[in-house]
Amino acid sequence: MNNDCMVEIVDLRKRFGHHEVLKGINLKVKPSEVLVIVGPSGSGKSTMLRCVNGLEHASGGHIYVEGIDVTDHKADINTIRQKVGIVFQSFNLFPHLTTLRNVTLAPLKVRKSNSGEAEEKAMRLLDRVGLKDKAHAYPAHLSGGQQQRVAIARALAMDPDLMLFDEVTSALDPELVSEVLDVMKDLAREGMTMMVVTHEMGFAKEVGDRLIFMDDGVIVEEGPPEDIFTNPRSPRAVDFFSKILSHL
Amino acid sequence: MKSVPPALVWLWFALVLALVALICVLVVRMLRTHQRRAVLLALGNGLAVLILGFVVSLLIELPAIDRFLNEFLNWNIFSKTWEYVIKGLVVTIELAVVSEVFILVLGLIIALIRISRIKAFRFFAAVYIDVIRGMPLILQIVVIYFGLGYLGLNLSRFMAGVLALTVCYAAYEAEIFRAGIESIHKGQMEAARSLGMGYFKAMRYVVLPQAVRNVIPPLSNEFIALLKDTALVAIIGLAEVFFRGKEMMGRYANVTPLVWAAICYLIITIPLMRLVQYMTTRLSLKD
Ligand SMILES: Nc1ncnc2c1ncn2[C@@H]1O[C@H](COP(=O)(O)OP(=O)(O)OP(=O)(O)O)[C@@H](O)[C@H]1O
Ligand SMILES: [Mg+2]
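Shown next as structure tokens:
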């Protein structure tokens, strides 16, 4: 185990019943690194991310987040999760709460911050994602892009050291994608450690420090995004990138 | 039995008609214009049938009608018993409201056990729900009252009623709560847990507030059913509306007190049903 790592994944395996979805993943993510994860549907990208914050229980192997083993049953998962923000494809905002209350809920109930501080901070975060004026709106009244930016602000409210993004722009109308990616780019520039599952190759190229290509539960290729795009070695990756890049 | 003077019969008929008309007017006034026409049409048809039936039976056999009115809508007996019977309504409402408080708490707890991750817990809750729902409530009331008595636990009739209704209705409402909780997308729980909230915090601040909206209409309907089922507690001698109506029916050998008891229930249940309807449309409009 290496202490310079934000995340270290060692021989991670995950089975759903008899179906082995992750077949031995080994991966390290350094602080402030932006790791882009690509691969065909069903290759296990989401499952891997969800293992990192304990939403799925690993069937084998270890995941260390800042040195603490997430797969250890004795680990305090709630404390680990405060350091690991996650943003989902489907936003998952709390529809019964205003934007502001979405952002302040966890600081108030988990961290027991006082409400004045929590609100002030939430307003700062909403300002940062460009939604200060929507603080008192309910999620149903926001566009998809706005909802996803609120979801990012909500995750940031717990001051995470690591952010996980699972295809956060896939459910958005094309014209709304860039407003979300811009927020993520800012975040990367400010030195946030990020693991990003995405099909946005432009984004991967621009802010990705490293890219992994997953197929059928294993990491097939790994390296700088540019290199892998222009020079994929495995046939699966060649096939995948030829399809996805021809769309651009 | 001496016959009622015809004038009184007509008075009764007029009174009932007036009451029906009043209720109709009130109901119609609550509706919007586009609903009004349909309802008015239905009411008109109903009224026509009623009047026709009355006139026809009047022509066929006046004494039968006379006997019927004497037995079921006897003013004399009504004036002697109405106060005693309606006083039971206080007991009925108390029984329903006190029970409902316990039912909501127990129902939610059973629902949470029913969806717990621990298999033995889930099994236990499922068995409880099936066993309770598979038995007649009236039997549970008797068993609890007399059973606990034999065990040396002498509950009052009222408390035995509360206990039996709670045990029974909690099983039904647990299923409503469970359905309500399960109707909330699992992404909500995951999002809350991902922010570092524990299971119960996530349940309390994220899932349940959303589930509550979904369960208010079915829970309200359960409450109305509960109000009516309190009548079953009469079997252990609690002097609520039905018990008192039956008691007076026995004393005067006349059904009028029981008819009045029925009206007493309607006084409570009809406005409640309208309220639930109103709430349901309001809630669904908000979506
Ligand atoms: N809860 C689950 N139960 C059973 N099988 C599951 C579950 N979650 C995922 N799987 C299976 O695991 C495999 C990998 O799923 P995963 O969602 O990780 O893929 P992915 O790479 O994220 O794909 P996509 O690009 O479509 O999101 C799939 O075959 C999926 O059917
Ligand atoms: Mg996925």
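Chains A and B supply the protein sequences, listed in that same order.
Residues in the first sequence are numbered from 212 upward in steps of one, following the numbering used here.
Residues in the second sequence are numbered from 708 upward in steps of one, following the numbering used here.
Glycine included, every Cβ here is placed at the ideal spot set by N, Cα and C.
Item: Reduced DSSP secondary structure (H/G/I, E/B, other) of A/N303; Value: coil
Item: 8 angstroms Cβ cutoff met for B/V966 and B/F779; Value: yes
Item: Amino acids of chain B, ordered along the chain, whose beta-carbon sits closer than 9 angstroms to that of A/P306; Value: Q895, Q917
Item: Close beta carbons around B/L754, own chain, < 7 angstroms, minus the five adjacent residues each side; Value: none
Item: Boundaries of the alpha helix (DSSP H) in which B/Y791 is found, first to last residue; Value: 782-821
Item: Span of the alpha helix (DSSP H), counted from its first residue to its last, around A/V249; Value: It is not in any alpha helix (DSSP H) - A/V249 instead sits in the beta strand (DSSP E) that spans 245-249.
Item: Assigned secondary structure, A/R261 (DSSP; H/G/I helix, E/B strand, else coil); Value: helix
Item: Distance CB(A/V218)-CB(A/V240) smaller than 8 angstroms; Value: yes
Item: CA nearest to the CA of A/N264, picked from A/T441, A/K256, A/I274; Value: A/I274
Item: Distance cut-off 7 angstroms: A/D377 Cβ against heavy atoms of ligand 4; Value: Summarising the ligand content, the structure contains ligand 1 and ligand 2 and does not contain ligand 4.
Item: Within 8 angstroms, strictly: CB atoms of A/I291 and A/V276; Value: yes
Item: Ranges of the alpha helix (DSSP H) found wholly within the stretch 901-986 of chain B, counting only runs of at least 4; Value: 906-909, 915-936, 948-959
Item: Under 8 angstroms by beta carbon: chain A residues contacting B/K908; Value: K320, V321
Item: Beta-carbon gap between B/E947 and B/T799 smaller than 8 angstroms; Value: yes
Item: Reduced DSSP category for A/H230 - H, G, I as helix; E, B as strand; rest coil; Value: strand
Item: Boundaries (first-last residue) of the beta strand (DSSP E) holding A/R339; Value: From DSSP, A/R339 is part of no beta strand (DSSP E) but of the alpha helix (DSSP H) over 326-339.
Item: Contact check, A/M406 vs A/L367, beta carbons under 8 angstroms; Value: no
Item: Interface positions of the stretch 258-277 of chain A facing chain B (Cβ-Cβ less than 8 angstroms), listed along the chain; Value: N264, L266
Item: Any non-hydrogen atom of ligand 2 closer than 7 angstroms to A/K225 Cβ; Value: no
Item: Environment of B/P978 [buried if 16+ CB atoms lie within 10 Å]; Value: exposed
Item: 8 angstroms Cβ cutoff, B/R900 in contact with chain A; Value: yes
Item: Meets three-Cβ-pair contact criterion under 8 angstroms: the stretch 955-975 of chain B and the stretch 872-891 of chain B; Value: no
Item: N-terminal and C-terminal residue of the alpha helix (DSSP H) that B/T873 is part of; Value: 864-889
Item: One or two residues paired with B/Y852 in a DSSP bridge; Value: The partner list for B/Y852 (beta bridge, DSSP) is empty, contrary to what the question assumes.
Item: Residue(s) in a DSSP beta bridge with A/E433; Value: A/I423
Item: Those residues which DSSP pairs with A/M406 across a bridge; Value: A/L246, A/L375
Item: Meets three-Cβ-pair contact criterion under 8 angstroms: the stretch 297-307 of chain A and the stretch 355-366 of chain A; Value: yes
Item: Expected contact under 8 angstroms - CB spacing of B/I839 and B/I943 to nearest Å; Value: About 18 angstroms separates the two Cβ atoms, so there is no contact after all.
Item: Distance cut-off 7 angstroms: A/S257 Cβ against heavy atoms of ligand 1; Value: yes
Item: Among B/A871, B/Y835, B/V983, B/M956, the one whose alpha carbon lies nearest that of B/E807; Value: B/A871
Item: Sub-8 angstroms separation of A/V245 and A/G434 beta-carbons; Value: no
Item: Residues that A/R292 bridges to, as DSSP identifies them; Value: Answer by DSSP bridge pairing: none, since A/R292 is not bridged.
Item: A/H230 Cβ short of 7 angstroms to ligand 1 heavy atom set; Value: yes
Item: 8 angstroms contact criterion, which A/F414 and A/L392 should meet: CB distance rounded; Value: 5 angstroms
Item: Where A/L223 sits in the DSSP three-state scheme; Value: strand
Item: beta-carbon B/V903 near ligand 1 non-hydrogen atom, thresh 7 angstroms; Value: Note that residue 903 of chain B corresponds to Gly in the displayed sequence, not to Val. Result no, Cβ not under 7 angstroms from ligand 1.
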